[in-house]
Amino acid sequence: MKFFAALPLFAILASCSSSETEGNSASGVTQPPKAAVFGGAYTDVEIEVDYQGGAEPYTGAAGTKVSDLWSVTRTNLGRIFPDKNVSVPSDLTQMQKIDVSGELFTSDALLGIAKKHRDKAPTASKATYYVVFVNGYFQDENGKNDAVLGVSLGTTGVLAMFKPVIASSGLPAFPSVERFVEQSTLVHEIGHAIGLVDNGVSMVANHKDATHGAHCTNTKCVMYWENEGVSATREFAKQLLLTGNVVLFKEDCLADVDAARKK
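All the letters of the sequence shown, read from the start, carry residue numbers 1 to 263 under this note's numbering.
Given below as structure tokens:
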């Protein structure tokens, strides 16, 4: 099995599922160890985004506080990697539509998509992460899982976003909330991909929720396990809409990445 961290839409009884494996051969590239990316040898961090037809990522302005929706991901990566050149797309012209069929996607199928379509492999100085938006649902060992917003596939640097689930999180009373649900989900999955919480990046102080795997005990942090659920993720989205404060990682997770950069 492949390690994956998943964001389920209804998380009262749900949590991320995980099992450890490298998975680099299946994804077609050799991803650097998570903690190594914080070192001085890496000068650049780049996010590559592909999407299936009908699963186009949300782009453009959202609410009155955010003129570029993808600045949410860009700002969070900039806080994690302030000493590196961070490249995150802003609109569909900087992303690629790919030919993908089907509406059920296993972890192996997602790695197969990455192996075929991932264009930007990591180098000795650049860390890359591949994000694919699919017009369908995650398929786990129990079959179709229509509660999963996104997954991060272990040590592969491959992330997947499930557009129908994300789109269903909208609220008429809060226009654009589903746009921020999408960005919050992506930030959460990037958190797993870079090694949070205690999943490749060491902790300065213990804040790992051992019951729920690689998640933070801080209820206000994007890496808190219940922030996988629609109500909690919507609360993140509402705050983004109202305040424009887009740094979603909180003190303990930020302390971990700050310490990792100094090693």
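Where a beta carbon is used, it is the ideal one built from N, C-alpha and C, also for glycine. Owing to the predicted nature of the structure, the values given are computational and were not obtained by experimental measurement.
In the DSSP annotation of this structure, the continuous segment of the alpha helix (DSSP H) that includes Phe180 starts and ends at 177-194. With respect to Ala114, Gly28 sits close: the two C-beta atoms are nearer than 8 angstroms. Residue environment analysis places Lys263 among the exposed positions, since fewer than 16 neighbouring C-beta atoms fall within 10 angstroms of its C-beta. Closest by C-alpha distance to Ala55, out of Phe174, Val201, Leu149, Asp252, is Leu149. In this structure, the CA atom of Asn135 is about 14 angstroms from the CA atom of Ala147.
Scanning its chain for C-beta atoms nearer than 6 angstroms, with the 5 sequence neighbours on each side dropped, one finds around Leu186 the residues Thr73, in chain order. Looking at the backbone, the Cα of Thr43 and that of Asp83 are separated by about 8 angstroms. For Lys116, the enclosing alpha helix (DSSP H) has its first and last residue at 107-117.
Assignment of beta strand (DSSP E) within the stretch 82-164, counting only whole runs of 3 or more residues, yields 85-87, 96-98, 126-134, 137-140, 143-145, 148-152, 158-162 in chain order. Counting the other Cβ atoms within 10 Å of the Cβ of Thr155 gives 16 or more, which makes it buried.
For Val72, the uninterrupted alpha helix (DSSP H) segment begins and ends at 71-80.
Non-local C-beta neighbours of Gly102 in its own chain, meaning closer than 8 angstroms and more than five positions away in sequence, comprise Ala109, Gly136, ordered along the chain.
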